[in-house]
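**Student:**
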Amino acid sequence: MRQERLEYLQKKYESRLNTVKDSDMMANVSGEPKRPKGPAMGPGRHGKQSMAVGKPKDLGKTMGRLFSYISHEKWKLLIVCVCVIGGTAANLAGSYMLRPIINGLTSEEGSVAFLMKGILTMLCIYLVGVVAQYLQQRIMIGVAQNAICKLRNDLFEKLQKLPVRYYDTHNHGDTMSRFTNDVDAIGEMLNNTVFQLISGTISIVGTFCLMLYTNVWLTLITVVMVPVMMKAVQTVGSRSRKYYRAQQAAIGTLNGYIEETVTGQKIVKVFNHEEESKEEFEYLNTDLRNKLVKAQFFGGIMGPVMNGLGQVSYSLTACIGGLLCVLRGFDLGGFTVFVNYSRQFSRPINEIAMQVNTIFSALAGAERVFTVMDEEPEAADAENAIRIVTDEKSEKCYYVIPKDNEVTGMDGFTDDVIKEDEGFYYKEVKGAVTLNDVTFGYKPDKTILRHVSLYAKPGQKIAFVGSTGAGKTTITNLINRFYDIDDGLITIDNIPVSQLERDSLRRNIAMVLQDTHLFTGTVRENIRYGRLDATDEEVEQAARTASAHSFIMRLEHGYDTMLESDGVNLSQGQRQLINIARAAISKAPILILDEATSSVDTRTEKHIEKGMDRLMATRTTLVIAHRLSTVRNANAIMVLENGEIIERGDHEDLLAQKGRYYELYTGLSELD
Ligand SMILES: Nc1ncnc2c1ncn2[C@@H]1O[C@H](COP(=O)(O)OP(=O)(O)OP(=O)(O)O)[C@@H](O)[C@H]1O
Ligand SMILES: [Mg+2]
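So for the sequence shown, my numbering puts the first residue at 569; every next one is plus one.
#1: What residues match up with ARG1216 in a beta bridge as DSSP calls it?
#2: I need the boundaries of the alpha helix (DSSP H) containing PRO945, first residue and last residue.
#3: In three-state terms, what does DSSP make of LYS605?
#4: In chain order, what residues of the same chain have a beta carbon less than 7 Å from the beta carbon of ASN1210, not counting five sequence neighbours either side?
#5: Sorted by chain position, which residues of the same chain lie with C-beta nearer than 6 Å to ALA658's C-beta, five sequence neighbours on each side aside?
#6: With distances taken from each beta carbon to the nearest heavy atom of ligand 1, which residues come in below 5 Å, in chain order?
#7: For the pair the segment 844-855 and the segment 876-884, tell me if three or more CB-CB distances fall below 8 Å.
#8: Output the residue ranges of the alpha helix (DSSP H) runs that lie fully inside the segment 684-772 and measure 4 residues or longer, sorted by chain position.
#9: Restricting to Cα atoms, I'd like to know which of GLN1142, THR1103, GLY1098 is closest to PHE1119.
#10: Is GLN1082 close to ligand 2? I mean its beta-carbon at under 7 Å from any heavy atom of the ligand.
#11: Could you tell me whether any non-hydrogen atom of ligand 2 is closer than 7 Å to the CB of ASP1162?
#12: Is the segment 899-913 touching the segment 751-766 in the sense that three or more CB pairs, one from each, lie closer than 8 Å?
#13: Whole angstroms is fine: what's the gap from PRO624's alpha carbon to ALA1000's?
#14: Would you grab the beta carbon distance between ASP742 and GLY820 for me? Rounded to a whole angstrom, and I think it's under 8 Å.
#15: Roughly how many angstroms lie between the CA atoms of LEU688 and THR656, to the nearest whole one?
#16: So, at 7 Å on beta carbons, what are the nonlocal neighbours of GLY1235 in its own chain, with the 5 sequence-adjacent residues on each side left out?
#17: Confirm, please, whether the CB-CB distance from ILE954 to GLU1069 is below 8 Å.
#18: Rounded to whole angstroms, what's the CA-CA distance from ASP942 to ARG1049? Just pull it up for me.
#19: According to DSSP, what are the bridge partners of ASN671?
#20: What's the gap between the Cα of VAL648 and the Cα of ARG807?
#21: Please tell me whether MET797 and LEU786 are closer than 8 Å, where the distance is taken between their beta carbons.
#22: Our contact map puts VAL1207 next to GLY1034 with C-beta atoms below 8 Å; I'd like the distance itself, whole angstroms only.
#23: What does the alpha-carbon distance come out to for the pair VAL917 and GLN705?
#24: Let's test the definition: count the other Cβ atoms within 10 Å of the Cβ of MET1184 and tell me whether it reaches 16, buried, or not, exposed.
#25: Give the list of continuous beta strand (DSSP E) stretches no shorter than 3 residues that lie fully inside the segment 1042-1129.
#26: Within the same chain, show all residues whose beta-carbon is closer than 6 Å to that of VAL711, passing over the 5 residues directly before and after it, in chain order.
#27: Where do the N-terminal and C-terminal ends of the beta strand (DSSP E) with SER1021 fall, by residue?
#28: Go ahead and pull the three-state DSSP assignment for ALA1224.
#29: Answer with buried or exposed for VAL1080, where buried requires no fewer than 16 other C-beta atoms within 10 angstroms of its C-beta.
#30: Cutting at 6 Å between CB atoms, please list the residues of its own chain near LEU703, excluding the five before and the five after it.
#31: So who's on the other strand from LEU1159, going by DSSP bridges?
#32: Tell me which residue opens and which closes the beta strand (DSSP E) that ASP1005 is part of.
#33: Distance check for GLY871 and PHE865, CA to CA, integer angstroms please.
#34: Near ARG1122, what residues of its chain come up, given a Cβ to Cβ distance below 6 Å and the 5 sequence neighbours on each side ignored?
#35: Hey, how far is the Cα of SER618 from the Cα of ALA1149?
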């Protein structure tokens, strides 16, 4: 890879990947040149941050939180614990049986019958251990998978609650990676490691007690080794943990890149970027490999280090135990058993140490999952928020306004109250939209909309025109509360949108977004997304309204044609028609069309207009269009420039004004 290219990539990914300082390493395991150090860069090209990594995290808290996912299955955990204790105790008791057997054999009473009896007893004890282990495994797998299932659910639920702003600033592939990789890593740990930890701990304590019972002095020698082992676990472990966190972050970034390249494959080809993409992938892949190597290295040396220390302890015990037998008359059975225990004592410590790979991957994964879960969700609905209910019989919608909601104090509130009961006022939903002196910026330091005011009466059609980036889409984003305004007031039927339950508000507004999206499913399912209880006839009717019916009928399976990944098997215009049908099927009193027909030919557009006219007659419609022919018949046209409404009026008024609209309409501005 060329040096400049490498430097470019290093810079681009610095803040996302460079989570572990090279000085943290005991050995530079990889052959890759070290990254230049320097201040962390801001977000990468896409302005999306991957995550906040590298900060010291609260290990105990993460563990506690993970534990809360299994702790509610108390009975099962209790049985698992009993099994673990039983299994471990059986193991310990089984090996203790050697003492009476050996001592018996070396004394006068030793006989074949005695030996057989002893060994049979030992076998029975071990059998109990095996059964207990089997049970514990079976139950725990269930518990672990339940926990993982719940974790995935919680994470998904959280994703649904996150504000649009979150998706603006986070890489999608990385978010997905949290569902797959990170959750898998946690599953791996819960499946195996948790009870290995429990049984290991019990084993250590049990062995320790039996050792004490067998010989106090030898126990002391074994125990002296424990702090040495602990120190080793701590030293190696702290390094592993860092690298495991870096590893999970690198997996996320790589997945993000893959997702982006797969979805943008056509652009990659158009601009001949295959080679660059390959290089970038290679860079990220190598980075991941290096982190994996480092993580696995530190995870991997734990075993040998612990093993070595175990052998030292074993040899020392054997040596001194032998001397005690010869010089102090320590019984041979006791000696054999003790040497065995000294092994057994370090084995679980070893095993636990060997599990660091799984544990640290899982904890790093858990941290990433919990980071998403701790993200600020969309602000909660206001207290006593206003709901919208539909009357089954008349199919009319009503606002249910709690009497202690602040809107009840507004001037003229009672004018159109149609019903009142103990706690609530009822008002009919009509669909008037007003913006009053609205100011807004996506980021605090950059105002996008300035003092925008408008009033759309129920059933009116209001159009927004203006140059690219003027803020048209932003206005619609504010009406349905994708973002909250900084200043001013937006109301629907004189109710501030902030006082409406968010669900109710959005149910009140049917929208065709500027960027179309279709889900994997049939055409019918995609249209029905706009109103789930719509009948097949209504789906067809909506498709006719949107002029989509004829092309749908020409599809191989008509309405049952499967649409794959965002409708790649359709033309862009056809995708828009389905998006329009999806909005048309909704009965919401407000309809927002953002460049809904930008890819549709003018003839079809005329057809749609005719179809929609009937629909629009009963709805307040906000239309955004660059093609001015589509907005001519609007009741009012707002010309937006730089986030401000600079002209307003109907088509004739605006032409007469000979201002910006006139320029746009007559194409003068193109000539400028
Ligand atoms: N999610 C966002 N985060 C930050 N800034 C944004 C975001 N979306 C839009 N902007 C900025 O807000 C301004 C207005 O964008 P908006 O999408 O409203 O334009 P528009 O009038 O709909 O343009 P177009 O005709 O191209 O659709 C632009 O300058 C844009 O850079
Ligand atoms: Mg737009």
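Cβ atoms here follow ideal geometry from the backbone N, Cα and C, with glycine treated the same way. Quick caveat, the model's predicted, so the values are computed rather than measured.
**Tutor:** With the structure as the only source:
#1: The count along the sequence shown starts at 1 and reaches residue 1216 at position 648. Looking at the DSSP assignment, ARG1216 forms a beta bridge with MET1206.
#2: Walking along the sequence shown from the start, residue 945 turns up at place 377. First-last for PRO945: undefined, no H or E at that position.
#3: Counting from one through the sequence shown, the residue named residue 605 turns up at place 37. For LYS605, the predicted model reports a pLDDT of 34, less than 50, meaning its position is unreliable and no value from the coordinates is stated.
#4: Walking along the sequence shown from the start, residue 1210 turns up at place 642. Cβ neighbours of ASN1210 beyond the five flanking positions: ALA1038.
#5: Working through the sequence shown from its first residue, we reach residue 658 at position 90. Cβ neighbours of ALA658 beyond the five flanking positions: ILE693, VAL696, GLY697.
#6: ASP736, TYR1010, ILE1016, THR1036, GLY1037, ALA1038, GLY1039, LYS1040, THR1041, THR1042
#7: no
#8: 732-737, 740-745, 751-756
#9: As a working mapping, residue 1119 is identified with position 551 in the sequence shown. The shortest Cα separation from PHE1119 among GLN1142, THR1103, GLY1098 belongs to GLN1142.
#10: Taking the first residue of the sequence shown as position 1, residue 1082 is located at position 514. Yes, the beta carbon of GLN1082 sits closer than 7 Å to at least one heavy atom of ligand 2.
#11: Counting from 1 along the sequence shown, the entry for residue 1162 is found at position 594. Flag set: Cβ of ASP1162 near ligand 2.
#12: no
#13: Indexing the sequence shown from 1 puts residue 624 at position 56. Indexing the sequence shown from 1 puts residue 1000 at position 432. Per-residue confidence for PRO624 stands at a pLDDT of 37, beneath the threshold of 50, marking its modelled position as unreliable; no derived number is given.
#14: To locate residue 742, count along the sequence shown from 1; it is residue 174. To locate residue 820, count along the sequence shown from 1; it is residue 252. About 4 Å; that satisfies the 8 Å criterion.
#15: For this step, residue 688 is matched to residue 120 along the sequence shown. For this step, residue 656 is matched to residue 88 along the sequence shown. Taking the straight line joining both Cα atoms gives about 19 Å.
#16: The sequence position of residue 1235 within the sequence shown is 667, counting from 1. Within the same chain, GLY1235 has no close Cβ partners at all.
#17: Here residue 1069 refers to the residue found at position 501 of the sequence shown. Here residue 954 refers to the residue found at position 386 of the sequence shown. Against a cut-off of 8 Å, the Cβ pair of ILE954 and GLU1069 comes out as a contact.
#18: As a working mapping, residue 942 is identified with position 374 in the sequence shown. As a working mapping, residue 1049 is identified with position 481 in the sequence shown. Near 21 Å, if we compare the C-alpha coordinates of ARG1049 and ASP942.
#19: Looking up residue 671 in the sequence shown gives position 103. Beta-bridge pairing links ASN671 to no other residue.
#20: Position 80 of the sequence shown holds residue 648. Position 239 of the sequence shown holds residue 807. Approximately 32 Å between the Cα atoms of the pair.
#21: As a first step, residue 797 is located in the sequence shown; it is residue number 229 there, counting from the start. As a first step, residue 786 is located in the sequence shown; it is residue number 218 there, counting from the start. Their beta carbons are not under 8 Å apart, which means MET797 does not touch LEU786 by this criterion.
#22: The residue given as residue 1207 occupies position 639 in the sequence shown. The residue given as residue 1034 occupies position 466 in the sequence shown. VAL1207 to GLY1034, Cβ: 6 Å. Contact.
#23: One-based indexing of the sequence shown puts residue 917 at position 349. One-based indexing of the sequence shown puts residue 705 at position 137. The sequence given here has Ile at residue 917, not Val. Each residue's Cα considered, the two are about 20 Å apart.
#24: Stepping through the sequence shown from its first residue, residue 1184 is reached at position 616. Looking at its Cβ environment, which holds 16 or more other Cβ atoms inside 10 Å, MET1184 is buried.
#25: 1055-1060, 1077-1080
#26: In the sequence shown, the residue the question calls residue 711 occupies position 143. ILE638, GLU641, LYS644.
#27: Numbered from 1 along the sequence shown, position 453 holds the residue referred to as residue 1021. First-last of the beta strand (DSSP E) with SER1021: 1017-1024.
#28: Walking along the sequence shown from the start, residue 1224 turns up at place 656. Correct three-state label for ALA1224: helix.
#29: On the sequence shown, position 512 is the one that residue 1080 refers to. Buried: at least 16 other Cβ atoms inside 10 Å.
#30: As a position in the sequence shown, residue 703 is number 135, starting the count at 1. Within the same chain, LEU703 has close Cβ partners CYS651.
#31: Taking the sequence shown and counting its residues from 1, the one referred to as residue 1159 is at position 591. Its beta-bridge partners are ALA1078, THR1189.
#32: Counted from its first residue, the sequence shown places residue 1005 at position 437. ASP1005 -> beta strand (DSSP E) spans 1001-1008.
#33: Stepping through the sequence shown from its first residue, residue 865 is reached at position 297. Stepping through the sequence shown from its first residue, residue 871 is reached at position 303. Each residue's alpha carbon lies about 11 Å from the other.
#34: Stepping through the sequence shown from its first residue, residue 1122 is reached at position 554. So no residue of the chain qualifies.
#35: To locate residue 618, count along the sequence shown from 1; it is residue 50. To locate residue 1149, count along the sequence shown from 1; it is residue 581. Residue placement at SER618 is poorly supported in this model, since its pLDDT is 38, which falls under 50; the coordinates are not used for a value here.
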